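Top line first, the protein sequences correspond to chains A and B.
Quick note: the first sequence uses the numbering used here, first residue 1, plus one each step.
Quick note: the second sequence uses the numbering used here, first residue 1001, plus one each step.
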Amino acid sequence: MRNFFSTPTAIVGTALLSVVCFAAIFGPWIAPYDPQAFDPLNRLQGPSPAHWFGTDQFGRDLLSRILNGAPSTVTFGVGATLIGVGIGSIIGVVAGVSGGWADSTIMRILDGLLAVPDLLFTLLIVTIFGGGMEHAMLAVAIAFAPGMARIARSAVLSVRTRDYVRAAVARGESGFYIVGAEVLPNALSPIVVEATIRVSFAIMIGATLGFLGLGAQPPSTEWGLMVAEARQFMFRNPWCVAVPGLSIAIAALGFNLFGDALRDSLDPKRSHG
Amino acid sequence: MTAQTLTKDAPIAAVEKSALSIIDYSLAYKTANGLIPALQNIDLTIPKGKTVGLVGESGSGKSSMAWSIMRYLPSNAVETGGAIRLAGEELLDYTPYQMMDIRGRRMSMVFQDPSTSLNPTIKLGEQIAEVLMRHRGLTKAQAWAEAEAALGRTGITRPKEMLQRFPHEASGGEKQRVVIATAFACEPELIIFDEPTTALDILTARQILDLFNQLREETNVSALYISHDLGLVSRVVDRVSVIHKGIIVESGSVQEVFRRPKADYTRQLIGAVPDPDRWVGVDAPGEPKTLLRIDKVGVRYGAPTKLQAMFWPTDAETVGFWGAKDISIDVRKGELLGVVGESGSGKSTIAKVLAGLQDFEGKLDFDGKAITSRNAIDRAYRRRVQIVFQHPDASLNPRHRIGTIIARPLKLYGIVPKHEIKARVAELLEMVRLPASYADRLPHQLSGGEKQRVAIARAFAAEPELVICDEVTAALDVSVQAAVAELLVKLQRNTGAACVFITHDLNLIRQLAHRIAVMHHGKLVDFFDRVDARSVDRDPYAKALLDAVPVHAGEPEA
Chain A
1 MRNFFSTPTA
11 IVGTALLSVV
21 CFAAIFGPWI
31 APYDPQAFDP
41 LNRLQGPSPA
51 HWFGTDQFGR
61 DLLSRILNGA
71 PSTVTFGVGA
81 TLIGVGIGSI
91 IGVVAGVSGG
101 WADSTIMRIL
111 DGLLAVPDLL
121 FTLLIVTIFG
131 GGMEHAMLAV
141 AIAFAPGMAR
151 IARSAVLSVR
161 TRDYVRAAVA
171 RGESGFYIVG
181 AEVLPNALSP
191 IVVEATIRVS
201 FAIMIGATLG
211 FLGLGAQPPS
221 TEWGLMVAEA
231 RQFMFRNPWC
241 VAVPGLSIAI
251 AALGFNLFGD
261 ALRDSLDPKR
271 SHG
Chain B
1001 MTAQTLTKDA
1011 PIAAVEKSAL
1021 SIIDYSLAYK
1031 TANGLIPALQ
1041 NIDLTIPKGK
1051 TVGLVGESGS
1061 GKSSMAWSIM
1071 RYLPSNAVET
1081 GGAIRLAGEE
1091 LLDYTPYQMM
1101 DIRGRRMSMV
1111 FQDPSTSLNP
1121 TIKLGEQIAE
1131 VLMRHRGLTK
1141 AQAWAEAEAA
1151 LGRTGITRPK
1161 EMLQRFPHEA
1171 SGGEKQRVVI
1181 ATAFACEPEL
1191 IIFDEPTTAL
1201 DILTARQILD
1211 LFNQLREETN
1221 VSALYISHDL
1231 GLVSRVVDRV
1241 SVIHKGIIVE
1251 SGSVQEVFRR
1261 PKADYTRQLI
1271 GAVPDPDRWV
1281 GVDAPGEPKT
1291 LLRIDKVGVR
1301 YGAPTKLQAM
1311 FWPTDAETVG
1321 FWGAKDISID
1331 VRKGELLGVV
1341 GESGSGKSTI
1351 AKVLAGLQDF
1361 EGKLDFDGKA
1371 ITSRNAIDRA
1381 YRRRVQIVFQ
1391 HPDASLNPRH
1401 RIGTIIARPL
1411 KLYGIVPKHE
1421 IKARVAELLE
1431 MVRLPASYAD
1441 RLPHQLSGGE
1451 KQRVAIARAF
1461 AAEPELVICD
1471 EVTAALDVSV
1481 QAAVAELLVK
1491 LQRNTGAACV
1501 FITHDLNLIR
1511 QLAHRIAVMH
1521 HGKLVDFFDR
1531 VDARSVDRDP
1541 YAKALLDAVP
1551 VHAGEPEA
């Protein structure tokens, strides 16, 4: 952990992530305009001193809309991941610790679910639940759970055969103590790292759902929805597609690079150097 | 001092004639904490046709030396001066491309672990032939014929068949013979042996050493033999250099260095080599009382499932394999029982059974109470029988502080009242000769030997009657090994606990154990008092094991 900032990946990832988090926390307050205020006279304009990122098809200020959309986008990514990691980890730890036929049964079912692509799986769940931000979030979370369960299980399995766990078994410790004190703390880092990387996928899937009209609904400032709404005007003002699109890319990249750097610095092989 | 040895032992003319001469060579590694020196002012000369030993503990820089000579250093290595000359040619001046021609043809290397130094997807014959084709320009047919001859010279009985096999189809000893055959194939001027027998069993290691001596005489090759094992080095090399923390502390002929060591470190190293005739164990318990007895205990890996047993009863008899079978041993109160065997002999399986980590068949009788299955082992038994594992890095939870680790058995078994735990932990740390302040440290802040002391303190915290030591010294350096063994004996003397000491090191066990059990292929082949170790009625396998042990440093070979 000591040398976290020694790689360019970590520096860039952290920089992007701080920009995104800053926007997510303070965005709505620092936005220069009302994100929903129409201005028919200044429609589809490029960047100018008055409108830094330009305006959309209704003359709404793009910067203000991006800043207003940041909290919901980041909340969506982080929230979906947290729920997914929570469900997945519990399943994975249970499978890894119990072993035997319980493990085989759980893992075969998860393998079946993993065969369905993430986006398709999410779409399937959204069609069952119905659209809307909360439902989309839940759908992404459920789609993430099988993958997370696999990672949690493999982390638990690799720790379970270590000598310190066997020493605890030989001492006659309770199963609860062994899982809670010996196994879980040592299995946590791969789970945390994977979760960080998955936030970026969640943001992208969320944006895709928004784009397809299955996530947030107009006049929401969700970034994916903004790309979808501006699509018709793409050739008259490319900015109204590029700005939300780039924002999604930056947020996803930030979480992804940060997760990568986190993995490198938590990897015992590298941190002992 | 370095300049002196150079002028005294090797005048300039000899340097020119020598196979390899390293002059005032220094190497450092660039790390986050700045430049860390790995080798400092190394002077080492290998005369033509001679073998020089380089002896040091882990981290002494001996492997860095090997890679420097091979010119294959990691990117963060910085060479801070000196020269490495192969037959008078300066290797430091060669480009990586030129070195490719020299490696394999003029210098080659034999690694520690033959199972990782051979490519598992390529036939053994091809791996030898490839070197011959690359460096001697032979055609494929010639190379295979030559490879067969090279293998034949290493004492493999059917070289032609061996060439057609893949690495996983050969035993460890056979694989190492293939690696050695490859190294000798191009008749290089210099061969570097980096601990070539460490990963092998005692008997195989002995054969490889004999092979090495034989090939050396036949080919008159010059060799650098790197090892941590003084006893072993003393029988294969002409001259020896002792390296400590990147500095050569002593060089000279084998006899000279081992008989009259000059440097303190060498003396310490020689003193640490276990000598089977020097008894250090506790006194044998006066009147033998049995503490634990296992009766016809067996462990079967891959045992048939209930389904198999029900529907295919004939198959069920043959599936899986016995990790240990029909083992009957008794442990007496206060004694130290040695269990010896090669890897895969089932000795660790027995340790796991005794510690309640392995399902078993048969009967285990502890202090008059019979136990017939693993589930019947209760916490009281687990308190009275403690285990110490081989790898101290793996047996301590990396996220718990030393104090927490040692305090755990105290809390779990309620050995001392809550408010006295801290004081007792300090006491236990002192018992294993560690400062009480270590209680606040994390395992990775300790050295390997210190970690093993913590593991021992944890075992003795439970105030056990039997401690199982599963190869506790195998992962440690020689000098640390001796200290840990000595500590164990001291604790045994103070607490009166019995000990089952599992090891492959026969010299060490003959210093410590009252009785020795020899295991081979999952069976108990011999069980005897230590005084009878050399008596005539020993099992042939036990005899072979005892004979294979390297003669103690400096003594003439029998």
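Virtual Cβ for every residue (Gly too), placed ideally from N, Cα, C.
Quantities reported herein were computed from a predicted structural model and do not represent experimental measurements.
Notebook entry, point to check: Do you know offhand how far G1341 (chain B)'s Cα is from A139 (chain A)'s?
Noted result: For this step, residue 1341 (chain B) is matched to residue 341 along the second sequence. For this step, residue 139 (chain A) is matched to residue 139 along the first sequence. Going from the Cα of G1341 (chain B) to the Cα of A139 (chain A) covers about 57 Å.
Checklist line | Proximal residues of chain B, C-beta to C-beta of P185 (chain A) below 7 Å | finding: If you number the first sequence from 1, residue 185 (chain A) lands on position 185. Near P185 (chain A) (Cβ distances below 7 Å), the residues of chain B are R1399.
Next item on the list: Please state whether DSSP places I1377 (chain B) in a helix, a strand or coil.
Entry: Counting from one through the second sequence, the residue named residue 1377 (chain B) turns up at place 377. Coil, per DSSP.
Next item on the list: Return the residue from the list B:V1472, B:Q1112, B:V1416 that minimises the CA-CA distance to P1392 (chain B).
Entry: As a working mapping, residue 1392 (chain B) is identified with position 392 in the second sequence. Minimum Cα distance to P1392 (chain B) is reached at B:V1472.
Next item on the list: Would you tell me roughly how many angstroms separate the C-alpha atoms of D1264 (chain B) and V1273 (chain B), rounded to the nearest one?
Entry: The count along the second sequence starts at 1 and reaches residue 1264 (chain B) at position 264. The count along the second sequence starts at 1 and reaches residue 1273 (chain B) at position 273. For D1264 (chain B) and V1273 (chain B), the distance between alpha carbons rounds to 15 Å.
Notebook entry, point to check: With 16 as the cutoff for other CB atoms within 10 Å, does W223 (chain A) come out buried or exposed?
Noted result: For the purposes of this step, residue 223 (chain A) is identified with residue 223 of the first sequence, where counting begins at 1. Under the 10 Å beta carbon count, W223 (chain A) is surrounded by 16 or more other beta carbons and is classified as buried.
Notebook entry, point to check: With DSSP run on the structure shown, which of helix, strand or coil describes A171 (chain A)?
Noted result: By one-based count along the first sequence, residue 171 (chain A) stands at place 171. Here residue 171 (chain A) turns out to be Arg, not Ala, going by the sequence shown. Three-state result, R171 (chain A): helix.
Next item on the list: Below 8 Å between beta carbons is the criterion; list the residues of the segment 1242 to 1258 of chain B that meet it against any residue of chain A, in chain order.
Entry: Result list empty, no residue passes.
Note to self: Less than 7 Å between the beta carbons of G1246 (chain B) and Q1112 (chain B), yes or no?
What the structure shows: Position 246 of the second sequence, counted from the first residue, corresponds to residue 1246 (chain B). Position 112 of the second sequence, counted from the first residue, corresponds to residue 1112 (chain B). The answer is no: Cβ separation not under 7 Å.
Check: Can you check whether the CB of P32 (chain A) is closer than 7 Å to the CB of T221 (chain A)?
Finding: By 1-based counting over the first sequence, the position of residue 221 (chain A) is 221. By 1-based counting over the first sequence, the position of residue 32 (chain A) is 32. Result no, Cβ atoms of T221 (chain A) and P32 (chain A) do not sit closer than 7 Å.
Notebook entry, point to check: What number of angstroms, rounded off, separates the C-alpha of A1544 (chain B) from the C-alpha of K1422 (chain B)?
Noted result: Within the second sequence, numbered from 1, the residue matching residue 1544 (chain B) stands at position 544. Within the second sequence, numbered from 1, the residue matching residue 1422 (chain B) stands at position 422. Roughly 50 Å separates the two Cα atoms.
Notebook entry, point to check: Skipping 5 residues on each side, what residues in its chain have a beta carbon closer than 7 Å to that of N1213 (chain B)?
Noted result: Here residue 1213 (chain B) refers to the residue found at position 213 when the second sequence is read from its first residue. Answer for N1213 (chain B): V1236, listed in chain order.
Notebook entry, point to check: Near A1483 (chain B), what residues of its chain come up, given a Cβ to Cβ distance below 7 Å and the 5 sequence neighbours on each side ignored?
Noted result: Along the second sequence, read from residue 1 onward, the residue named residue 1483 (chain B) stands at position 483. Around A1483 (chain B): G1449.
Margin query: To the nearest angstrom, how far is the alpha carbon of A1376 (chain B) from that of F1360 (chain B)?
Written below: For the purposes of this step, residue 1376 (chain B) is identified with residue 376 of the second sequence, where counting begins at 1. For the purposes of this step, residue 1360 (chain B) is identified with residue 360 of the second sequence, where counting begins at 1. If I take the Cα positions, the gap works out to 11 Å.
Check: Sorted by chain position, which residues of the same chain lie with C-beta nearer than 6 Å to P1159 (chain B)'s C-beta, five sequence neighbours on each side aside?
Finding: For the purposes of this step, residue 1159 (chain B) is taken as the residue at position 159 of the second sequence. E1148, L1151, G1152, listed in sequence order.
Margin query: Closest to L964 (chain B) by C-alpha separation, out of B:A1351, B:D1275, B:V1282, B:G1346, would be which residue?
Written below: The first residue shown for chain B is 1001 and the last is 1558, placing residue 964 (chain B) beyond what the model contains.
Check: Can you name the start and end residues of the alpha helix (DSSP H) that C21 (chain A) belongs to?
Finding: In the first sequence, counting from the first residue as 1, residue 21 (chain A) sits at position 21. For C21 (chain A), the enclosing alpha helix (DSSP H) stretches over residues 8 to 30.
Item checked: Per DSSP, cross-strand counterpart(s) of F1360 (chain B) -> In the second sequence, counting from the first residue as 1, residue 1360 (chain B) sits at position 360. Under DSSP, F1360 (chain B) takes part in no beta bridge, so it has no partner.
Note to self: Judging by CA-CA distance, which residue of B:R1103, B:E1126, B:V1478 is the nearest neighbour of W1144 (chain B)?
What the structure shows: For the purposes of this step, residue 1144 (chain B) is taken as the residue at position 144 of the second sequence. Considering only alpha carbons, the answer is B:E1126.
Next item on the list: Go ahead and label S1535 (chain B) buried or exposed: buried means 16 or more other beta carbons lie within 10 angstroms of its beta carbon, across all protein chains shown.
Entry: The residue given as residue 1535 (chain B) occupies position 535 in the second sequence. Exposed, by the Cβ-count rule.
Note to self: Quick check on the DSSP output: the beta strand (DSSP E) that includes C1499 (chain B) runs from which residue to which?
What the structure shows: As a working note, residue 1499 (chain B) is residue 499 in the second sequence. Its beta strand (DSSP E) spans residues 1498 to 1503.
Next item on the list: Drop a sphere of 10 angstroms on the beta-carbon of H1444 (chain B), count the other beta-carbons inside from all chains shown, and report buried for 16 or more, exposed for fewer.
Entry: Here residue 1444 (chain B) is taken as the residue at index 444 of the second sequence, counted from 1. The C-beta of H1444 (chain B) has fewer than 16 other C-beta atoms within 10 Å across all chains shown, which makes the residue exposed.
Check: Cα-Cα, which of A:V12, A:R162, A:P117, A:V85 is closest to N186 (chain A)?
Finding: Position 186 of the first sequence, counted from the start, is the residue given in the question as residue 186 (chain A). Among A:V12, A:R162, A:P117, A:V85, the Cα nearest to that of N186 (chain A) is on A:R162.
Check: Around the C-beta of L41 (chain A), are 16 or more other C-beta atoms found within 10 angstroms, so that it is buried, or is it exposed?
Finding: By one-based count along the first sequence, residue 41 (chain A) stands at place 41. With fewer than 16 Cβ atoms within 10 Å of its Cβ, L41 (chain A) is classed as exposed.
Notebook entry, point to check: Three or more C-beta pairs closer than 8 Å, one from the segment 1051 to 1061 of chain B and one from the segment 1077 to 1090 of chain B: is that the case here?
Noted result: no
Note to self: Is R263 (chain A) close to chain B? Criterion is C-beta to C-beta, closer than 7 Å.
What the structure shows: Counted from its first residue, the first sequence places residue 263 (chain A) at position 263. Judged by the 7 Å Cβ criterion, R263 (chain A) is not in contact with chain B.
Next item on the list: Identify, in the order they occur along the chain, each residue of the same chain with its Cβ nearer than 6 Å to the Cβ of I1208 (chain B), setting aside the five sequence neighbours on each side.
Entry: Here residue 1208 (chain B) corresponds to residue number 208 of the second sequence, with the count starting at 1. Only Q1176, T1197 meet the Cβ criterion.
Notebook entry, point to check: For A1380 (chain B), which residues of its own chain have a beta-carbon under 8 Å away from its beta-carbon, when the five flanking residues on both sides are left out?
Noted result: Against the second sequence, residue 1380 (chain B) aligns to sequence position 380. Nothing listed; no residue qualifies.
Check: What are the start and end residues of each continuous alpha helix (DSSP H) run of 4 or more residues lying completely inside the segment 1128 to 1191 of chain B, in chain order?
Finding: 1140 to 1153, 1159 to 1163, 1172 to 1185
Check: Taking the C-alpha atoms as reference points, what is the distance between G147 (chain A) and W101 (chain A)?
Finding: Within the first sequence, numbered from 1, the residue matching residue 147 (chain A) stands at position 147. Within the first sequence, numbered from 1, the residue matching residue 101 (chain A) stands at position 101. Answer to the nearest angstrom: the Cα atoms are 20 Å apart.
Margin query: Let me make sure I understand the geometry here. Which of A:G172, A:P47, A:V74, A:A249 has the alpha-carbon closest to that of L62 (chain A)?
Written below: Counting from one through the first sequence, the residue named residue 62 (chain A) turns up at place 62. With respect to the C-alpha of L62 (chain A), the residue from A:G172, A:P47, A:V74, A:A249 having the closest C-alpha is A:P47.
Check: Comparing the C-beta of G1554 (chain B) with each C-beta of chain A, is any distance below 7 Å?
Finding: Locating residue 1554 (chain B) in the second sequence gives position 554, counting from the first residue. Since pLDDT at G1554 (chain B) reaches only 47, below the 50 mark, its modelled position is unreliable, and no value is offered.
Item checked: Residues near S113 (chain A) by beta carbon distance below 6 Å, same chain, minus five either side -> Locating residue 113 (chain A) in the first sequence gives position 113, counting from the first residue. Per the sequence shown, the amino acid found at residue 113 (chain A) is Leu instead of Ser. Once the five neighbours on either side are set aside, the close Cβ partners of L113 (chain A) are P146.
Next item on the list: Answer yes or no: does any C-beta atom of chain A fall closer than 7 Å to that of S1447 (chain B)?
Entry: Here residue 1447 (chain B) corresponds to residue number 447 of the second sequence, with the count starting at 1. With 7 Å as the cut-off, S1447 (chain B) does not count as an interface residue toward chain A.
Next item on the list: Keeping to the same chain, check which residues put their C-beta closer than 7 Å to that of E1287 (chain B); ignore five residues upstream and five downstream.
Entry: Taking the second sequence and counting its residues from 1, one reaches residue 1287 (chain B) at position 287. Within the same chain, E1287 (chain B) has no close Cβ partners at all.
Check: Nearest-angstrom Cα distance between F1389 (chain B) and R1424 (chain B)?
Finding: Along the second sequence, one-based indexing puts residue 1389 (chain B) at 389. Along the second sequence, one-based indexing puts residue 1424 (chain B) at 424. For F1389 (chain B) and R1424 (chain B), the distance between alpha carbons rounds to 23 Å.
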